[in-house]
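J.:
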Amino acid sequence: MTAMLNMLKQNWVKQSLRLLHHELRRGELTIIFLAIVLAVATVFSLTGFSGQVKQAILATSTNTIAADRVLRTSREASLEVIEKSQQSQLAMARKVETNSMAFAGEQMLLTELSAVSTSYPLKGQLTVKTSFEQIEADVVSAPPLGYVWVEPAVLTRLNVNVGDVLELGVAEFTVAGIITDIPDRSFSPFVSGPTVILNIDDIERTELIQPGSRVSYKYLFAGDESNIEEFSQWLRPKLNEAQRFYDAKKGQNQLANIVDTAEKFLSLASMLGIVLAAVAVAVASRRYGQRHQATVAVFKALGASQSHVSKLYVLHWSLLSLVSVIVGLLLGYVLLLIGISAIESYLSLEDTRLTYMPLLTAVFTGMLCSLAFALEPISALVKTSPLAVIRGFNDKVAVKFNFKKLVPLFALFLLLLLFSADLVMSLSLLFGGLCVSALLLLIGRLFMSAGRSVGSKAGKSWHLALANLKRRANENSVQLVSFTIAIKLLLLITVIKGSILSEWQQQFPESTPNHYLINVGDDEILPLKEFAADNGIANQGFFPIYRGRLSAINGEITTKVNNHQETDNESAQSEGKENENESEQQQGRRGVGRELSLTRLTKLPDGNTISSGTWWQPNEPNAQVSVESTIAERLDIKLGDSLSFDLGSDSFTVPVTSIREVDWQSRKINFYMIFNEVAVKDFVSTSVSGWMIKDQQKKAAYQFLSQFPTISIMDFGEIMKKVDEMIEQISIAIELILVLVVLAGSLVLVAQVQASMEDRERELAILRTLGAKGSLLRNSTLFEFVALGAIAGLMASIAMEIAVFFLQSQIFDMSASFHFQYWLVGIGAGAGFVGLIGMLSCWRLLNLSSVTLIRRTM
Amino acid sequence: MPINSETILKVQELTKSVQLEDKILELLQPINLEVKAGESLAIVGSSGSGKTTLLSILAGLDLPSSGQVYLKNHALHQFNEEQRSEVRAQHVGFIFQQFLLINSLTALENVMLPAELANQPDALERGKALLAQVGLGERGNHYPSQLSGGEQQRVAIARAFIANPDVLFADEPTGNLDTSTGVHIADLLFEMNKDIGTTLVLVTHDEKLAARCQRQVVMNSGVLTENKTLNKVSVEAKNEPDEIKGEFAEHETTTDKIGS
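As given, the protein sequences belong to chains A and B, one line each in that order. First residue of the first sequence? That's 1 in the numbering used here, and the numbers climb one at a time after it. First residue of the second sequence? That's 1 in the numbering used here, and the numbers climb one at a time after it.
(1) Since Val748(A) and Val279(A) should fall inside the 8 Å C-beta cutoff, what is the C-beta to C-beta distance between them, to a whole number of angstroms?
(2) List the whole-angstrom C-beta distance separating Leu208(A) from Thr111(A), where the pair is believed to meet the contact cut-off of C-beta under 8 Å.
(3) Looking at the strands, I want to know which residues DSSP matches up with Tyr147(A).
(4) Report yes or no: do three or more beta-carbon pairs, one from the stretch 138-152 of chain A and one from the stretch 76-85 of chain A, lie closer than 8 Å?
(5) Tell me which same chain residues have a C-beta within less than 6 Å of the C-beta of Asn539(A), skipping the five on either side of it?
(6) Please compile the residues from chain B whose C-beta is within a distance smaller than 9 Å of the C-beta of Thr295(A).
(7) Please identify the residue among Pro211(A), Val750(A), Pro605(A), Gly366(A) whose C-alpha is closest to the C-alpha of Val834(A).
(8) Between the Cα of Glu151(B) and the Cα atoms of Leu76(B), Glu191(B), Ile185(B), which residue gives the shortest distance?
(9) Counting only C-beta atoms, is Leu848(A) closer than 8 Å to chain B at any point?
(10) So, are the CB atoms of Pro621(A) and Val678(A) less than 8 Å apart?
(11) For the stretch 6-23 of chain A, enumerate the residues whose C-beta is nearer than 8 Å to any C-beta of chain B, in chain order.
(12) Quick check: the Cα distance between Glu761(A) and Leu767(A), rounded to an integer number of angstroms?
(13) When the Cα atoms are used, what is the spatial distance from Gly140(B) to Met112(B)?
(14) What runs of the beta strand (DSSP E), each 3 residues or longer, lie entirely inside the stretch 29-93 of chain B?
(15) Taking the C-alpha atoms as reference points, what is the distance between Thr53(B) and Ala59(B)?
(16) Using a threshold of 8 Å, state whether the C-beta atoms of Val862(A) and Ser131(A) are closer than that.
(17) Output yes or no for whether 8 Å exceeds the beta carbon distance between Gly222(B) and Leu28(B).
(18) In terms of alpha-carbon separation, which member of Glu801(A), Leu198(A), Ala35(A) lies closest to Ser285(A)?
(19) Label Phe193(B) either buried or exposed according to how many other C-beta atoms from any shown protein chain fall within 10 Å of its C-beta, with 16 as the threshold for buried.
(20) Bridge partners of Leu25(B), per DSSP?
(21) Along chain B, which residues have their Cβ under 8 Å away from the Cβ of Ala304(A)?
(22) At the level of alpha carbons, what is the spacing between Gln87(A) and Leu126(A)?
(23) Using a beta-carbon distance below 8 Å, is Arg26(A) in contact with chain B?
(24) Mind listing which residues of the stretch 54-66 of chain B have their C-beta closer than 7 Å to chain A's C-betas, in chain order?
(25) Alpha carbons only, please: which of Met757(A), Val43(A), Trp616(A) is nearest the one belonging to Ile866(A)?
(26) Where does the unbroken alpha helix (DSSP H) through Ile209(A) begin, and where does it stop?
(27) Classify Lys497(A) as buried or exposed, calling it buried when 16 or more other Cβ atoms lie within 10 Å of its own Cβ.
(28) Curious, which full-length alpha helix (DSSP H) runs of at least 4 residues does the stretch 167-212 of chain B contain?
(29) According to DSSP, is Gln624(A) part of a helix, a strand, or is it coil?
(30) Does the pairing of the stretch 201-208 of chain B with the stretch 161-178 of chain B give three or more beta-carbon distances under 8 Å?
(31) Please name the residues in the stretch 10-40 of chain B whose beta-carbon is closer than 9 Å to at least one beta-carbon of chain A, in chain order.
(32) In chain A, which residues lie less than 7 Å from Asp171(B) when you measure between Cβ atoms?
(33) Looking only at its own chain, which residues have a Cβ that is under 8 Å from the Cβ of Ser232(A), when we skip the five neighbours before and after it?
(34) Just the C-alpha distance for Thr630(A) and Met839(A), rounded to the nearest angstrom, thanks.
(35) Can you list the residues of chain A that Phe79(B) reaches, using a CB-CB cut of under 7 Å?
(36) Assign Pro211(A) to buried or exposed, taking buried as 16 or more other Cβ atoms, counted over all protein chains shown, within 10 Å of its Cβ.
Okay, here's the thing in structure tokens:
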């Protein structure tokens, strides 16, 4: 304390505080202050906000597996697993799934039976109604012993009502409610039928589970992330090939894809926001260094030592940084609250909490920005020679290479690494950015030179504006690169946002099936087709289904893989993508390790394209198979390879004649393997179809379909609505983050314009003295900024296109596209925005009287 | 080389040259000069003659290329930047043509600065007193931008005297002011110099101002000569400053070269 008081008595401390006090009061530090404030506020609000949104999205998506993690196994899990979960303080629920016929009187129906424990579900809600008329569904868990919850299709198909009796195996159950929502409902069109939920303690009574029964045991876990992680670490090495341990991301691909993309976007937006804010700090600190040269020279001329000046400025800058960081945190918190309140009605944030991470990250970023970006300008500043009081100040400091100039780059790299956690990506962004900046600098010079010759033919104001551009080429090049980077990043985020949203929206085009018809007999296809045609129900046609195994590739027997992450069925999702990295091969050729749903077709289905080979002609006499590209890559299957399949007790071998790309993002029914007619002509099949049944068609369709008791109908409408809703919520989050990034970008522009203000002031004074009219000065200033903005916009558009190509193809896994409309937006917005900000910043200056201008610049 | 107690500033065989791309430019030819304590010396000469270069070396802002510079027994030519800063803080005061007040500090804080840098006590009280002495007692809390040119230079004069410097270097102190304000500022400068007894080294174009110094030297293309004519009339100039006319060029025939 005494040491502190003694320090406060030191002259350099007093002088430093004095300078800080006056400069803050007079607004001389506003830009640098705002730059740091915005850097901190951006990081704090963006990371806090995206953290909360991620948590909320994850919470919503964990609803899709009804837990944080699920262990699925074909046999009951060992007691050790359950004990460990208890030790890890995890909540646990159990679920046993099997297929069974349900009987009601004379009627019977294949159903998906789920026996659940009373703690089910751990996440999300299981809701039932006791009648179709009930408006608000009740949130329930397992039904009481002797009762079942059933999906509506069970009632209509078996012609029963709530309160009626249903036979499952040897036991009888009373229907107690109609299921309206199952949190972990399957997305697959290959499930067997509508769901019936019973209490797990009733399953034994049904005697349905016998040796050899196809049963899936699910153990659902939920708890603190650290406990979950610890449990996962413990469990993963113990999993055998019949077990699969997954989280929400792995559990449901469609939602997982959205969450993944949203996460990537939010991280990218945060990163770009920070880069923008860092650029603002860099620009402002450079100006700070230049503006204080005179002060340092006078201090030194009057006898201040180098160490005196250094201490004075270190304290001055540190206090400025500290004040800015604190204000930035406060502003960031306010922005965060605004952001949260804006999405709260769309996204439940009840279970989310603000962690210390955004706070620490923001403080770290703020300090790193303020120290790293100021190191070079301030160290150059304190070295200002006292001789400058005699010889004058050199604004245009010779660009000499020194290692301090690398510090901001290193800081930027650290920030990129901090936010991307990806060394290669950070390095490529940094060096890519540097190369692009150098290139931009060069192109910018060319444009400005071109502008000069155009300007000489234009009117007086344009002439002066473009002459100014050319004359200040050095400073303008730096400004131009900053403007370009800011506009590019804004465009980039807008384009990526647009393409993410449109990609998501395209997932469910109008005709996307919301019902799957399964187990359709050959004789049932015709009446179904007629009904669909008569009632205008869009459908995908009928696909014959064969269940079979891939037994050998080129005669080499395939073995089971360690398939704890494999899923059972092909589906309308990008399952193939999910399994790219897993699977340890044991012995023999790598195979799929499970039964596949196979089909035969004469025509290539919609959404499939042949990437190599050719699709067969109708009535092709030789058996052939077409393989989906991701599985072909995974199993190293090439054109011309022979694939052997086991279907029931028979086997056959067919050559691969084509490899197909499949759009798994669409919810259409797709297959890994498609045969031609002749390959499977001796095998019996049933068919599946995807139907788009609108709400108003539902009643008639259900009534019609009830004539075919063996057909199972899966209603995916609710799930699709859920996904739609989630897309909408995430889209709003993305829009909000865009606003923050735009704010950060604007500050770069303001900082950059401010940085050139002293120069402009001097020039205006001279021009005024020489008799230039106010309107000429106003117009030429406006045109100069407009031209600068337009050039920056054009260059930003080019740079954006390159970056978007990279991001779309490498990061977001989307098809790359060209965005000419954004070029116009870039150029127009660049000209407008830079022109506006430039004019607003210079307005006061332009309206000063000649005398005042001259006196200020003396 | 020790200098006697009467001499406060002494240079011997001082030269300054700069390396240009293809040649060496001699800014100062070998110069010898002695300034006595309490003396006022004017260095006059045309633009580019080297007078400001000489001033910056005498004041310890710059180093000579060769030769010796002594300020109160401190061998400035042997000192590094830090040591010269120390000498400036303890012994030197400055007045600049551009005033060079620190815009972010108030007038009073600007005045206090040298006293603080020299770790002298009572900077505040003395600052206020000096501001009052230059007629700006009420303007202490004003920023430089709120003061006129003449007022800013008064603040600069107060700042120059606050640390009781042994030598005051003034570089064109009235160069940025109109004639009338310039005369008032010069009056103030000489009055205060007389009161405090500081040695004054003044660089100026203004012959009237130069004439008010006890001694004048002329700088011409890096060569320093003693101006005897101007020295003779300097006493009269103090009484009738407005009557002094003529160009320094006219006196060049009567000057004695004081360099080697």
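Just so you know, even glycine gets a beta-carbon here, dropped at the ideal spot from N, CA and C. These numbers come from a predicted model, not from an experiment.
T.: Here's the rundown:
(1) 5 Å
(2) Not really, about 11 Å apart at Cβ, beyond 8 Å.
(3) Thr174(A)
(4) These segments do not touch.
(5) Ala532, Ser689, Trp691
(6) Ile102, Asn103, Ser104, Leu105
(7) Val750(A)
(8) Ile185(B)
(9) It does not: the Cβ of Leu848(A) has no partner Cβ on chain B nearer than 8 Å.
(10) Yes. Within cutoff.
(11) Asn11, Lys14, Gln15, Arg18, Leu19, His22, Glu23
(12) 10 Å
(13) Going from the Cα of Gly140(B) to the Cα of Met112(B) covers about 11 Å.
(14) 40-45, 66-71
(15) 10 Å
(16) With chain A represented from 1 up to 858, any question about residue 862(A) goes unanswered, as that position is not in the structure.
(17) yes
(18) Ala35(A)
(19) Note on identity: in this sequence residue 193(B) is Asn, with Phe being the wrong assignment. Classification of Asn193(B): buried, given that the 10 Å Cβ count is 16 or more.
(20) Answer is Val18(B).
(21) Ser85, Ala89, Leu117
(22) 27 Å
(23) yes
(24) Ser56, Leu61, Asp62
(25) Coverage of chain A is limited to positions 1 through 858, which leaves residue 866(A) absent and any answer about it impossible.
(26) It is not in any alpha helix (DSSP H) - Ile209(A) carries neither H nor E in the DSSP assignment.
(27) buried
(28) 179-196, 207-211
(29) coil
(30) yes
(31) none
(32) Ile390
(33) Arg69, Phe245
(34) 55 Å
(35) Neighbours of Phe79(B) on chain A: none; closest Cβ ~12 Å, over 7 Å.
(36) Of the other Cβ atoms in all chains shown, fewer than 16 fall within 10 Å of the Cβ of Pro211(A); this residue is therefore exposed.
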